[in-house]
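K.L.:
Just so you know, we're using the working numbering here: the sequence shown kicks off at 7 and counts up by one. All C-beta atoms, glycine included, are put in the ideal place defined by N, C-alpha and C. Before I ask anything, here is the structure I am working with.
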Amino acid sequence: MAKITFINRDGSETEVEAQPGLSVMEVATANDIDIEAACEGSLACATCHMVVEDQSWYDKLDAPSEDEEDMLDLAFGLTKTSRLTCQIRVSDAIDGIRFRVPEDS
Ligand code: FES
Numbered sequence: 007m008a009k010i011t012f013i014n015r016d017g018s019e020t021e022v023e024a025q026p027g028l029s030v031m032e033v034a035t036a037n038d039i040d041i042e043a044a045c046e047g048s049l050a051c052a053t054c055h056m057v058v059e060d061q062s063w064y065d066k067l068d069a070p071s072e073d074e075e076d077m078l079d080l081a082f083g084l085t086k087t088s089r090l091t092c093q094i095r096v097s098d099a100i101d102g103i104r105f106r107v108p109e110d111s
């Protein structure tokens, strides 16, 4: 299991133990994190956008695909460490990562 912390819009934090192999979006929605994830992971909506809290964590993730980058351009509140969480797989390598729910998604 990998520990993931979500920072909610109100500043509160939700810490969860996530099953490797799931997407971070699936973990977030299963734990009532307030994202829409309208397309359920088919890379067609950008409403699973979250901000990786720390550049060093962002650098540890596999680079986003071109399709993800194109879709990210449509996300509200885009930052340099933004990702679409349906495209990130939980693994031991991201144990301890922190994601912030963007203000205006
Ligand atoms: Fe739609 Fe991630 S859930 S792009």
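Does S111 pass the burial test, meaning 16 or more other C-beta atoms within 10 Å, or should it be called exposed?
P.N.:
For S111, the predicted model reports a pLDDT of 48, less than 50, meaning its position is unreliable and no value from the coordinates is stated.
K.L.:
When every heavy atom of ligand 1 is checked, does at least one fall within less than 6 Å of the C-beta of G47?
P.N.:
Result yes, Cβ under 6 Å from ligand 1.
K.L.:
Give the secondary structure of K86 by DSSP, where H, G and I count as helix, E and B as strand, and everything else as coil.
P.N.:
Reduced to three states, the DSSP call for K86 is coil.
K.L.:
Within the continuous beta strand (DSSP E) that includes E19, where are the two ends?
P.N.:
Unbroken beta strand (DSSP E) run through E19: 19-24.
K.L.:
Taking T87 as the reference, give the member of I39, D76, R106 with the closest Cα.
P.N.:
Per the Cα distances, R106.
K.L.:
Across the stretch 40-49 and the stretch 94-104, are there enough close Cβ pairs to call them in contact, namely three or more that are closer than 8 Å?
P.N.:
The answer is no - the stretch 94-104 does not touch the stretch 40-49, with fewer than three Cβ pairs under 8 Å.
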